[in-house]
Amino acid sequence: MLSPDWIKERIKGALPDAAVDVVDTTGTGDHFEARVVSAAFSGKSMVQQHQLVFAPLKDVLATGELHALALKTYSPEQWAKAKPELPTRS
Amino acid sequence: MLAPELKARFDEEVKTHKIVLYMKGNQLFPQCGFSARALEALKPFGPVHSVNVLEDPAVREGIKEYSNWPTIPQVYINGQFVGGSDIVGELAARGELEALVKGG
């Protein structure tokens with residue numbers, strides 16, 4: 001079972017400048033949603049942005065320990081326009 | 001390392017069908033909420049060719065290497081990898097899926 005903080009640390013390990021929020025959406029420690037804002041996303045497509053976040057989590061995604069990580073990624077410019085809310089645990 | 005025959009299979013599959021969805025379960029019985037969500041987002045834009053990755057472990061692992069994307073579902077439109085359920089949902093919400101299907 002993984003924790004939101006553990007996932008957050010992994011992501012920040014790969015994207016040190018990132019502002020990261022992680023929510024366990026089911027309370028079961030395997031389904032999460034993350035919102036990540038990083039300058040590394042500037043000029044990148046959504047696929048490329050998500051790949052940057054998945055990269056440091058490949059091992060736990062491969063084992064299924066992390067079943068799902070819903071992502072919302074923003075460059076600082078995109079974030080200035082969007083600023084959506086994260087969902088609460090359902 | 002992705003086996004050449006598997007790569008050839010994926011190349012062929014995503015070129016032959018306009019919309020391809022690698023999913024868990026089939027269209028009548030998706031076995032994962034994210035696969036179901038991707039399917040629902042795609043359906044309005046034409047027939048979806050779906051591949052149930054649970055039927056073949058080699059396909060399930062191989063497709064992740066093919067796209068450098070670690071999760072299922074995976075969506076391909078006009079031969080191009082588009083993303084997983086988040087991205088497809090986002091593109092649908094922005095009204096950009098139709099153009100993607102029509103283009104190419």
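Those sequence lines, one after another, are chains A and B.
Taking my numbering, I'd label the letters of the first sequence as residues 1 to 90.
Taking my numbering, I'd label the letters of the second sequence as residues 1 to 104.
Using N, Cα and C, we set each Cβ at its ideal position, and we do this for glycine too.
Limits of the beta strand (DSSP E) - the one that residue i falls within
i	result
M46 (chain A)	First-last for M46 (chain A): 46–54, but that is the alpha helix (DSSP H), not the beta strand (DSSP E).
K72 (chain A)	68–74
Assigned secondary structure, residue i (DSSP; H/G/I helix, E/B strand, else coil)
i	result
T72 (chain B)	Sequence check: residue 72 (chain B) is Ile here, not Thr. In this structure, I72 (chain B) counts as coil in the three-state DSSP scheme.
Q80 (chain B)	strand
F29 (chain B)	coil
D59 (chain A)	helix
L2 (chain A)	coil
A38 (chain B)	helix
L91 (chain B)	helix
S90 (chain A)	Unreliable positioning characterises S90 (chain A) in this predicted model, as indicated by a pLDDT of 48, which lies under 50. A coordinate reading is not provided.
C-beta neighbour in chain B for residue i, strict 8 Å
i	result
L71 (chain A)	yes
A62 (chain A)	yes
S90 (chain A)	Because S90 (chain A) sits at a pLDDT of 48, beneath the cut-off of 50, its placement in the model cannot be relied upon, and the following sentence gives the value as read from the coordinates. Not closer than 8 Å to any Cβ of chain B, the Cβ of S90 (chain A) fails to qualify, so no.
K58 (chain A)	yes
V95 (chain A)	Here chain A covers residues 1 to 90 and nothing more, so residue 95 (chain A) does not appear.
Contact with chain A by residue i, beta-carbon distance below 8 Å
i	result
P70 (chain B)	yes
F10 (chain B)	no
E90 (chain B)	yes
G83 (chain B)	yes
D86 (chain B)	yes
F45 (chain B)	no
F34 (chain B)	yes
According to DSSP, residues forming a beta bridge with residue i
i	result
L21 (chain B)	B:S50, B:V75
V36 (chain A)	A:V20, A:T73
Buried/exposed call for residue i, threshold 16 Cβ in 10 Å
i	result
R94 (chain B)	exposed
T28 (chain A)	exposed
Residue range of the unbroken alpha helix (DSSP H) whose run includes residue i
i	result
P4 (chain B)	4–16
P97 (chain B)	One point to set straight first is that residue 97 (chain B) is Leu, not Pro, in the sequence displayed. First-last of the alpha helix (DSSP H) with L97 (chain B): 97–102.
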